[in-house]
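Per this note's numbering, the sequence shown starts with residue 8, numbered consecutively.
Here a beta-carbon is modelled for each residue, glycine too, at the ideal position from N, C-alpha and C.
Since the structure is predicted, the reported quantities are computational estimates derived from the model, not experimental observations.
Report on the following structure.
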Amino acid sequence: MTQFTTELLNFLAQKQDIDEFFRTSLETAMNDLLQAELSAFLGYEPYDKLGYNSGNSRNGSYARKFEIKYRRLFS
């Protein structure tokens, strides 16, 4: 079983809101995707020495809101 299916089964066993499970799962996936996109664009991973004094820095991030079927996502 994957981590996703294990978490889904636990969520269902505890009789929690399934929409909230999918919302948090999608939020996590989108955050991971945005971080991977930033690494690919800059050409180095966070805290990599290639980024020091390159003029191409990771200067933090800001919250984004996405309106989808599973309510509002924050990333």
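| Check | Outcome |
| --- | --- |
| Rounded to the nearest angstrom, how far is the Cβ of G62 from that of L49, given a contact under 8 Å? | No, G62 and L49 are not in contact; Cβ-Cβ is about 11 Å, not under 8 Å. |
| For K56, does the three-state DSSP call read helix, strand or coil? | helix |
| If I measure Cβ to Cβ from E52 and keep anything under 7 Å in the same chain, skipping five residues before and after, which residues do I get? | S46 |
| Under 8 Å by Cβ, that's how I've got F18 and F11 pegged, so tell me the actual separation to the nearest angstrom. | Not a contact, Cβ separation roughly 10 Å. |
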